[in-house]
Structure formats: structure tokens, C-alpha cells
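Chains as they are written, first to last, in the working numbering: chain L, 1 to 395; chain R, 1001 to 1395.
Yeah, the Cβ is synthetic: ideal placement off N, Cα and C, and Gly gets one too.
Given the structure is predicted, the values throughout are model-derived calculations rather than measurements.
There are 2 protein chains.
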Amino acid sequence: MTGGRAILIDRRRFLTSALAGAASLPLLSEFSRSVLADETGDLVVHGTSPMNAEGNLAKLVESWMTPVENFYIRSHAPVPKIDLDAFRLTVEGLVERPLSLSLRELAAFGQYSTVATMTCAGNRRSEHSLIKPVKGVPWREGAIGNAKWSGVLLSDVLKKAGLKDGARHVWFEGLDEIEQSSGIIPFGASIPIEKAMSDTEAMPGALLTTKMNDAPLNGDHGAPLRMVVPGYIGARSVKWLGKMIVSDRPSPNHYVATAYKLVEDGTPVEWAEQAPIYRMPLNSAICIPASGAAVKRGEIQVSGYALPSGRPGDTIAFVEVSADAGRSWTKAELNSPVRDFCWVLWSARVRVNAADSELIVRSTDSRGRTQPQTAEWNQKGYLFDAWHHVKLQTR
Amino acid sequence: MTGGRAILIDRRRFLTSALAGAASLPLLSEFSRSVLADETGDLVVHGTSPMNAEGNLAKLVESWMTPVENFYIRSHAPVPKIDLDAFRLTVEGLVERPLSLSLRELAAFGQYSTVATMTCAGNRRSEHSLIKPVKGVPWREGAIGNAKWSGVLLSDVLKKAGLKDGARHVWFEGLDEIEQSSGIIPFGASIPIEKAMSDTEAMPGALLTTKMNDAPLNGDHGAPLRMVVPGYIGARSVKWLGKMIVSDRPSPNHYVATAYKLVEDGTPVEWAEQAPIYRMPLNSAICIPASGAAVKRGEIQVSGYALPSGRPGDTIAFVEVSADAGRSWTKAELNSPVRDFCWVLWSARVRVNAADSELIVRSTDSRGRTQPQTAEWNQKGYLFDAWHHVKLQTR
């Protein structure tokens, strides 16, 4: 078991047992706060140093609200050890009144909750690699989950600090320590100030959360404090949040200035030309049956998820499944709430007749946009949003 | 003739004569340095205050190198009156040695020439308006041209000034005066420092030009000094260049921070999320026959241009024309040099049989990418790059 290396999903059974044994070794004690894939396979583990794991697809579609034990974990460094009494969130930069807030002081702001889907920009990366190999965690379709997030409004904290003229972006910094060739850096993100202040009655622009699904955040999900930015890729929802800086520009942190951009050649010019990714794209996936599953010819049950883009107001209008290479499409039933910033769970009954059939899903949103048939390959394997295919062994 | 208002192209004959008359009126004397549409119809004029005109399509495809009199003009303000003796280009910001260069001092840098296509981000905007109306100059397909540009390397000037640590973007400011509700501003742009320094033997990253097609720049095209950034939308090639500022971020000028972005809803959040457009997209257009032309059934000659994307190394691989709604495609002949950053002129013979036929063109580049069948509508009508259609009256 090599730390930080990606592990193929088809080795899951082997790994799950290997990890169960390894977890008790002293060498792995730094991961003691990490959820490891348990015997029931809630998570598919890609690596444990740092912890990167995605939800088991069959379990993901069981519930619109994803249980924490089935919720994907994306980390760039081990879970930091944080002294809760000494913890302070600092707010600096273009503000009238720099702040240093204890967890108790933070809790004194008004409490809000919202349901929003979190997904990694690299979800479905393994499909990019079928076009041309990309590095990074080889996520399948499970780097996604939907949860209730509770905490205080970012806008309330920023109002307390008082924005100065020229404030255009808010930077977030984690308390984690990521080893890079240049040295140790924290994970960082930033969002435009307009997004930070864009609260509506139904959805905050961003929330400083301490709870996930009504329980305190655990270490893997960013305890004690996690930024949650509904509609944006997971990388903007910084875990173990320790510092915010209000600035006139996006964060210069590696994960804003370099990573999490769509580039094809990866030349210095192209990295510089491309902007940070913010919104998640319209997407969908078949979760059941699993890829490679053996099914009998005839009518079968198919289920999965569909995700609207991170644009406010965009919702899933309909989801279609094809069992004949796109010649005909069956509209799926939507079995969950249909809201912006949240996934929808769907199911459909389709007839598979051919040997070695393939299922395809595509979703269409409330603006009439449909996922593209193919996705644009990019160097880092982000935002794979093409129609999703699942090959079956049809008998 | 109302200043700055868009004028439909099908009124060209009327306008050409109207302008020919108007040009001699004292009221229009401030445009005396502008090329007005002449009797031979080199340019299709959309407005004269400021001057905005596009190339006559039939003339555009006559020559790979576009004559100045047929070259589109995009202005945001009248041509400024510039005293050539007093003129200085200043270079400020994150540089070791701020510069103030006369035209003579600029000329002392090494002289370079390159051929590159310039195109407005709004070229083909009128096709966006068929989906949903957009404001702005209603460009058809003629806001494009290919020219030889001569001057000095931006990188040489920046090396002379000496870049300081943290230099990430170079801002350009024109000497024009644009009236906005907030007051008078210059036209501005910026490009990443990597692009500015990305010279190759074949193509400079950017050139400070004084000549176009071996003749001194005229007023409409930015005399005495125009930035030319091969591969980028025309808006980054600032005319009447007077100032450059090296910075750690993109220019805050309206034409970088707000305009020239792809937004759909146009909410403040969306404007903030979107990055400035830099590269021009893969594109093509049919120039002959003209839209609405009457042709006899049978084989006809079709010609037009195709433009590779602004990505270094991308060239046009092939161009296809269809006369049967895309059921069959004829490969066009490429009649000009095939180079990156430059358009290609093409021609094809296709058979039109149906009444009221339609021709379609699409181009494919050296990476195997083909123009999309439809384009994404956006608020400002930029980068329309769908297959181009021309309706005919077939007898």
C-alpha cells in the first residue's frame, strides 16, 4: 500500500481487506481519524495518505441525502490536528476590521442550514483517461454527495469585518499541510466577492459550516470548520478552514492559480490564460446496474443521479436513458426533490435485447441544455460531463 | 445617420451613398481620418461615431492578405488626435526601470514582421441575435482580416524595462477617450505575461506595430502604435497604444473586467466568475455566394474563409461544405497558406438541387476538432462559432 498513489477500483475487494489489516499498524497511525473502507464497502478507497475515497455507487442512489459514511473524501494532506480551544478563524486583507474568531464567537452569528451537492472537479476523471491518460486520483462516478450543511453565513462574517473598496475575491486557507516540491503549503481557494454575498432565502452564497447532516463535521470532512460554496466544485469548499483574506484578485494559492483549471496542452501560456473553475457542470451517471454487471435480456431497472450546473436557478428538467446506442430514449422518473445546487435521483425501466448491451444516460436542465455527447479532454481531467455509458454482460 | 447606432447590412447601398455625402459635412469633420465606405463597397459601415465597419465578404476572399481598405474597423471612440513628436509610450508597474519611449526610441528596438489574422470577438454576432437579441454592433461575418504587421517585440520592450517578481499580466491603454456613464475612459486590455514573452521564430507573442501591410498604420487602425497579439481576439490588440502597466493581475479596465466575457444571465456573480476572453475560436464562413443570392440549380462555386483557434500550432486541417442540410459534405480546396494564427481561404464546387437551398460550412483543425453545430448564446454575443449557413434562392 503506497501512500498517495491511486488505486484502481477493480482492486477494491483486495484493498478493503488490506486496509482493514493495515489500519492497525503503528505506521498508519496518522490516518486514525480517517474513515477507511469498511467491510460493507461504503467507500471505494483510492489512497489513504492523504485519504481519497469515493462513494459506492449502489449505496449512493439509496438516499437523496448522502450519509457521511458514504460521502466522498478528497484530501490533499493528512487530517491536521487542531486544538479546538486555541482555534481561531482569522479574517484579513481588504477589511475595515480584521477578525480573529474562536469557534464560540463564530457560533454567535446567526445559524443557517442548507442542502447542497458537493462534487469533486475530478469526478469521472477515469473517463478522460480512456481518451488520453491523465494523472490524479482516478475517480469514477462516486466523487459526489448531497448533504445538509449547517453553520454561519460567510456574508455575515464579511459584513462584520466590513469590506473595503476594491474587495473582489475572498481567499480561503486550510490548516492542512500539503507537501509540494516548493515546500509545504495549505490548501487554498477563493471565490468572487459577489458569490460570497449572493445569499437568497433558499440558498446562501457560502456557509462556514460546523455540521454535516446535523452531526458535527468529522476530521475527513474538515472539522472543526469547513467552507461550503453551493454550486461550485468541491475544491472551493475548503476544509479545516483557518484563514480568510479579502483581496482585489483571486488567490495565488497553487489550487487556484495553477490546479483546477481546464488546459489541454498545459503550456505556461495556457495555464495563465485559463481562469479558475468555479461552477460544477450539468452531469449525470448510471449507478445501478454497475459497469460490467451481468443482466438477463428483457426489462431491467436502472437508477442513478443527475446534477444541474452550479448556475443559480438551474434544475434538472428530465433524464433520459438509452439501451440502443442513443437511437431511442426512455424518460426516467425523478425520485427526489428537484432543486438548484442539488442532485436528483432517478430510475427508469428499459429493455435490453442485444448481447453485451450498453446503457447511456443524459440529463437536460430547466434551460433546455443537454449534456454533451462527448467531453473535452483536459490535462488534469476535470469536469467530465459527457453522456454516461455503462457496459453490461447481457445473457 | 445616427452616430454609433448599428445599421443593417441590407441597407448597405443606401448607406454607402448616404455616407459618401455625409463625409463632407463639417459636423463629421472629427471622422476625417476614418475610411468611409466608398462606392465600390470595400467596407460595410455599422456606424461612424465611432467608426465600426466590416469587410465586404466578396472582396475579403479575393486575397489571403487583406488590403487595408477592406479590413474591418472596430473602434470604441473617435480616432484620437495624437502629436507624433510629443508621443511617448510609457511602461510602468512591476518593472525595474519605468520607460517613456518616443517613436524614434521604439524604432531602435529590433524590427519584426508577422502575418496574423485579426478578428473581433463579436464577429458573427448577428447570428446570436437570431437565437435571442443581443446589443452591440450587429457584425455579420466580415469583422475579420489577415495582415502583415511590423514593429518591435513586446518582449524586447519588457526585457528593457525588466520584469519584477510577481509580474503576471501586461495592461495596455489606448489614447482614445470612450464616453461611459461613469466618465471618460481609455480602451484597455491585458494579456498574461507568459503570452507576452512567448515569442517563437515564426510568431511573436505580441508586437508593438507601426505598419500594416508594409504601410504606416492609418488612424482607424491605431496609428501611430498598435499592439498586435496573434491568436487573441481583436480587443486585446489595443489601438492608439499609449501606456503599458505590468501587474500581478489582469487589467481592471472595463473591457477586461466586464466586457469581453462570456456570460448568459449577466448577473454580477456571473460577470465576476467569468474570465476575460483571450483566444479566438475555430471558425469558418461562406463568403460567396452571399446570403440570399439567386443561383441556378446545378453545380455552383462556393468560397470563404476558415480560421484556426488561437492555440499555438492549431491549423486548419480541412473545410467541408454541404448543400443538403449536412447529409453529405464536400471537402473544399485550400487556396492559401495554412498556418497557425492565420485564416485559410477555401473554395468548393457543390451541387444545389432543391428549391431554396442552404449551404453549410464547417472546419476541422489539426487536432481533429470540428466547429460545433450550434453555438452557445451569450449576453454580449461573442465567439459565435457554429457551422455557418447561407440561404439561397435556387431557381
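- Sequence-distant partners of R:His1221 (beyond 5 residues in either direction) whose C-beta falls short of 6 angstroms from its own C-beta, in its chain, are Met1212.
- Residues of the stretch 233-250 of chain L that bring their beta carbon within less than 9 angstroms of a beta carbon in chain R comprise Asp248, Arg249 and Pro250, in sequence order.
- Cβ contact annotation for L:Gln274 (same chain, cutoff 8 angstroms, sequence separation greater than five): Lys261, Leu262 and Val263, in chain order.
- When only Cα atoms are considered, R:Leu1099 and R:Trp1343 end up about 35 angstroms apart.
- In chain order, Pro1192, Glu1194, Lys1195 and Ser1198 make up the part of chain R whose C-beta sits under 7 angstroms from the C-beta of L:Val269.
- Residues Gln1393 of the same chain have their beta carbon placed closer than 6 angstroms to that of R:Ala1294, with the five preceding and five following residues left out of the count.
- Proximity of chain R to L:Glu201 at the Cβ level (cut-off 8 angstroms) is not reached, the minimal Cβ distance being about 16 angstroms.
- Counting other Cβ atoms within 10 Å of its Cβ, R:Ala1325 stays below 16 and is therefore classed as exposed.
- Sorting L:Cys287, L:Trp271, L:Pro312 and L:Trp329 by C-alpha distance to the C-alpha of L:Asp340 places L:Pro312 at the top.
- Taking 8 angstroms as the CB threshold, R:Glu1299 stays off the interface with chain L.
- Not one beta carbon of chain L lies nearer than 8 angstroms to the beta carbon of R:Glu1179.
- A check of alpha carbon separations from L:Ile288 across L:Cys120, L:Ser181, L:Arg349 and L:Ser309 identifies L:Arg349 as the nearest.
- Between the stretch 1066-1073 of chain R and the stretch 1081-1088 of chain R, the count of Cβ pairs shorter than 8 angstroms is below three; the stretches do not touch.
- It is roughly 15 angstroms from the alpha-carbon of L:Lys380 to the alpha-carbon of L:Ala272.
- With contacts defined as CB atoms closer than 8 angstroms, L:Phe172 and L:Ala196 fail to qualify as a contacting pair.
- Uninterrupted beta strand (DSSP E) stretches at least 3 residues long and entirely within the stretch 91-126 of chain L occur at 99-101 and 111-119, given in chain order.
- By the Cβ rule, the stretch 1114-1123 of chain R counts as touching the stretch 1140-1150 of chain R, because three or more pairs are nearer than 8 angstroms.
- Interface residue (Cβ-Cβ distance to chain R less than 8 angstroms): L:Arg327 is not classified as such.
- Under the DSSP definition of a beta bridge, L:Ile193 lacks any partner.
- Residue pairing for L:Ile73: DSSP places it in a beta bridge opposite L:Ala53.
- If you look at L:Ala317, you'll find it in the beta strand (DSSP E) that goes Ile316 to Ser322.
- When rounded, the separation of the alpha-carbon atoms in L:Val44 and L:Glu54 is 5 angstroms.
- About 6 angstroms separates the beta carbon of L:Pro224 from that of L:Thr210, a gap short enough to meet the 8 angstroms contact definition.
- Identification of residues in the stretch 1276-1289 of chain R having a C-beta nearer than 9 angstroms to some C-beta of chain L yields Pro1276, Tyr1278 and Arg1279, given in sequence order.
- At least 8 angstroms separates the CB of R:Ala1086 from every CB of chain L.
- Within the same chain, and ignoring the five residues on either side of R:Met1280 in sequence, the residues whose Cβ sits closer than 6 angstroms to its Cβ are Thr1119, Ile1233 and Gly1310.
- For R:Asp1365, no alpha helix (DSSP H) encloses it; the enclosing beta strand (DSSP E) starts and ends at Glu1358 to Asp1365.
- Assignment of R:Tyr1232 by DSSP, reduced to helix, strand and coil, places it in the strand class.
- Per the Cβ contact rule, the stretch 1314-1324 of chain R is in contact with the stretch 1345-1364 of chain R (3 or more Cβ pairs under 8 angstroms).
- Using beta-carbon distances, R:Ala1375 does not count as an interface residue toward chain L, since no partner is under 8 angstroms.
- In the DSSP assignment, L:Ser155 falls within the alpha helix (DSSP H) that extends over Leu154 to Ala161.
- In the structure shown, the three-state DSSP call for R:Glu1333 is strand.
- When DSSP assignments are scanned along the stretch 1194-1261 of chain R, the uninterrupted stretches of beta strand (DSSP E) that are 3 or more residues long and fall wholly within it turn out to be 1207-1212, 1226-1228 and 1241-1247.
- By the neighbour-count definition (other C-beta atoms within 10 Å, threshold 16), L:Glu270 is a buried residue.
- The shortest CA-to-CA distance from R:Val1170 to any of R:Thr1330, R:Pro1252, R:Ala1323 and R:Arg1395 is the one to R:Pro1252.
- Remark: C-beta atoms of L:Ala332 and L:Trp346 approach each other more closely than 8 angstroms.
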